[in-house]
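J.: When the letters of the sequence shown are read in order and numbered with this note's numbering, they come out as residues 1 to 306.
I'd like to ask you about the structure that follows.
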Amino acid sequence: MNGSSKILIIIKFLLKPFLDNYDFYFLCGDLEEIYSNKKIKKGKVSAELWLLFQIIKSLPPIIIDNLIWSATMFKSYLKIAYRNIRKNKIYSFINITGLSVGLACCLIILLFVKYELSFDKFHSKAERIYRVDIEAQGQEGISYESCVPFPFAINFRNDFPEAEAVTQIFFQTGVQVEFDDKRFIQDNVVFADSSFLNVFDYEFVLGDSEALTKYPDAAVLTEELANKFFGNESPIGKSLKLNTQIDVKIMGVIKNTPKNTHMPVDMLVSLNILNEEILGFDKNHWGVLHSSNASYVLLNKNTNPE
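See the structure below:
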């Protein structure tokens, strides 16, 4: 129709979801015809006011009727389904069970894939963090290990400006923790250097977030571990002895680390406290590879890791 009203276009848009094709074109055709006649006889403003009145008057009953009809049909479908289930109990049981198992399997697979793909994603810079591995040639072929010599992190940081930060950790399990005549065996103890919290994200809930940088004997616990050791008491300032020879002071508490991470952390300790006597080897020696030692590189933005 020539000179179609914008209101008429809106009416068509609103009516389309609630009418079948026949009723839609029949009703819109009548509206267009009446609108054209009124526009010629009484002017455009009067014709559009009439259209507006028609949509206000007609649209609510159409929507309500459509909803009632849909609800009635849905109720009818449920009745038919119920009768079929009662009539064919074994067949229906097999179908429903198969459908339920299929949906459950799909849901489990979806959750598993989501869990795997979200590994370490809680770190805001995860896309730029790389663990350094060494390539080893053995009898069974090439293998890759995460252990690197202790001097690697410092030298890499100095020699490669593409790295925004480089951090080194010494990961320990089965650490004996003593305090107030109590003794625990604790896993997931990470000795980390001062750059660790510049690379990885751990939210502090208590204490000093710069503790690993400021204090060589600093320790940071997760909320779960702090509650395990001290209950409702504040752990800040309390002392722990690790493996009967390392004295540390708790300077902070962080939120519990998610389960979907390759590096679970229950306790962070300043790496500076590990001397040669404790380690049993020279930290400056390039020839020493320890399975607990690892280095991570945070690349600058837009840097190609290759």
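From the three backbone atoms N, C-alpha and C, an ideal C-beta is built for every residue, glycine too.
So is Asp20 buried or exposed if we call it buried at 16+ other beta carbons inside 10 Å?
T.: Label assigned to Asp20: exposed.
J.: How about Phe152 and Ser295: do their beta carbons lie closer than 8 Å?
T.: Yes, they are a contact pair.
J.: Please report the straight-line C-alpha distance between Ser36 and Phe18, rounded to a whole angstrom.
T.: Each residue's alpha carbon lies about 24 Å from the other.
J.: Report the rounded CA-to-CA distance for Lys114 versus Gly280, giving the unit in angstroms.
T.: Near 42 Å, if we compare the C-alpha coordinates of Gly280 and Lys114.
J.: Just curious, the alpha helix (DSSP H) that Thr72 is in, first and last residue?
T.: Looking at the DSSP string, the run of the alpha helix (DSSP H) that includes Thr72 is 44-87.
J.: When you compare the region 184-194 with the region 267-275, are there three or more beta-carbon pairs, one atom per stretch, that lie closer than 8 Å?
T.: Yes, the region 184-194 is in contact with the region 267-275.
J.: Whole angstroms are fine: how far does the CA of Leu99 sit from the CA of Leu240?
T.: In a straight line, the C-alpha of Leu240 is about 55 Å away from that of Leu99.
J.: Does Thr222 come out as helix, strand or coil in the three-state DSSP assignment?
T.: Correct three-state label for Thr222: strand.
J.: Leaving aside the five residues before and after Thr97 along the sequence, list all residues of the same chain whose C-beta is less than 6 Å from its C-beta, in chain order.
T.: Hits under 6 Å: none found.
J.: Would you decide whether Met267 is buried or exposed? Buried here means 16 or more other CB atoms lie within 10 Å of its CB.
T.: Result: buried.
J.: Grouping DSSP H, G and I as helix and E and B as strand, with all else coil, what is Lys255?
T.: Coil, per DSSP.
J.: From the DSSP output, in three-state form, read off Thr213 for me.
T.: Three-state result, Thr213: helix.
J.: Glu135 lies in the beta strand (DSSP E); which residues open and close that run?
T.: 134-138 is the span of the beta strand (DSSP E), which, as asked, contains Glu135.
J.: In whole angstroms, what is the alpha-carbon distance linking Asp187 and Gly174?
T.: When rounded, the distance between both Cα atoms is 5 Å.
J.: Alpha carbon to alpha carbon, how far is Leu110 from Tyr310? Give it in angstroms, no decimals.
T.: One cannot answer for residue 310 here, as it falls past the ends of the chain, which runs 1 to 306.
J.: Tell me which same chain residues have a C-beta within less than 8 Å of the C-beta of Asn302, skipping the five on either side of it?
T.: For Asn302, where only same-chain residues beyond five positions count, there are no Cβ hits under 8 Å.
J.: Can you check which of these residues, Ile142, Asp133, Asn158, is closest to Val148 by C-alpha distance?
T.: The shortest Cα separation from Val148 among Ile142, Asp133, Asn158 belongs to Asp133.
J.: Taking Cβ positions, are Ala211 and Val253 nearer each other than 8 Å?
T.: Not a contact, by the Cβ cut-off of 8 Å.
J.: Taking the C-alpha atoms as reference points, what is the distance between Ala126 and Cys28?
T.: So the alpha carbons of these two residues sit roughly 56 Å apart.
J.: Return the residue from the list Asn158, Ser124, Gln172 that minimises the CA-CA distance to His290.
T.: Nearest of Asn158, Ser124, Gln172 to His290, Cα basis: Gln172.
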